[in-house]
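Enquirer:
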Amino acid sequence: MSIELTTQELHNLAMNVVGKDLEKQGFEFISVNSQLKKDPQFVCLKNKKLHFVVVKAVLYPNNPEKYDVTYMETMKEHALKFKARTYYAGVGIANAKNYEAPITKNENYIINYNGIIEI
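With the numbering used here as the guide, the letters of the sequence shown map in order to residues 3 to 121.
(1) Does DSSP put N18 in a helix, a strand or coil?
(2) If you drop the 5 nearest sequence neighbours on each side, which residues of the same chain put their C-beta closer than 8 Å to that of A98?
(3) Spatial neighbours of K48 within its chain, please: CB distance less than 8 Å, with the 5 preceding and 5 following residues excluded, ordered by chain position.
(4) What span of residues does the beta strand (DSSP E) with L38 cover, start to end?
(5) Output needed for H13: all residues of its chain with C-beta closer than 6 Å, excluding positions within five of it in sequence on either side, in chain order.
(6) Relative to the C-alpha of V20, which residue among K85, V93, N100, H80 is closest?
(7) Which class does E109 belong to by DSSP, given the choice of helix, strand or coil?
(8) Using the Cα positions of S4 and N114, report the straight-line distance between them to the nearest angstrom.
(9) Hey, could you find the ends of the alpha helix (DSSP H) K83 is sitting in?
(10) Is the Cβ-Cβ distance between V56 and D70 less than 7 Å?
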């Protein structure tokens, strides 16, 4: 029996992908929040500058690089109060066998992630 991943599990998957990418780029984590609808997910330091990263798990066929402009502008205004730079990280997730099928615990999946996008 295949059990579908919950929204929180998909979000955690996306968080892992982005977290590894940020580590590779030399970001230092100040705080990490993996709760859904609690943005930003990552507050990081790099070159002594503060960075806010908002992570979203995006299911196929939606484009992981397309984000809610109004919402991200609100996040940017919030970040500017802390002199922080704002980034969006969309992580596309699809079932490896059938893109249209749900993502389940016992099946492989495909990740579509092209890095963080500065807002």
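C-beta: ideal position from N, C-alpha, C; glycine also.
Expert: In brief:
(1) In the three-state DSSP reduction, N18 falls in the helix class (H, G or I).
(2) E109, N110, Y111, I112
(3) Same-chain partners within the cutoff: Q27, G28, F29, E30.
(4) That residue, L38, is in no beta strand (DSSP E); it is neither H nor E in DSSP.
(5) L38, A59
(6) Answer by Cα proximity: V93.
(7) Coil at E109, not helix or strand.
(8) 23 Å
(9) Element bounds for K83: 71-83.
(10) no
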